[in-house]
Amino acid sequence: MLKQLKEQGTPIPTNDIWIAASAMENGAAIATRDEHFSEIKGIIIID
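For the sequence shown, the numbering used here gives the first residue as 478, with consecutive numbering after it.
Listed below in structure tokens is the structure:
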């Protein structure tokens, strides 16, 4: 995930990578207003 974001030119903070990875692993959505999560494919975001 981190490599993909760096290649896209859209790196996000490491802590947010952990949040996104944990959510993906557990099939959970992320409730956030941080727009950078939208750069991660496969993440479900709740506004």
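For every residue, glycine included, the Cβ atom is placed at its ideal position computed from N, Cα and C.
Is residue 517 helix, strand or coil when you go by DSSP? Judged by DSSP in its simplified three-state form, residue 517 adopts coil rather than helix or strand.
With distance defined between alpha-carbon atoms, name the residue in 518, 504, 522, 524 nearest to residue 482. Each of 518, 504, 522, 524 was checked against the Cα of residue 482, and the nearest Cα belongs to 518.
N-terminal and C-terminal residue of the beta strand (DSSP E) that residue 508 is part of: Where residue 508 is concerned, the enclosing beta strand (DSSP E) stretches over 506-508.
Whole angstroms is fine: what's the gap from residue 507's alpha carbon to residue 487's? Those two C-alpha atoms are separated by around 19 angstroms.
Which stretch, first to last residue, makes up the alpha helix (DSSP H) that contains residue 493? Unbroken alpha helix (DSSP H) run through residue 493: 491-503.
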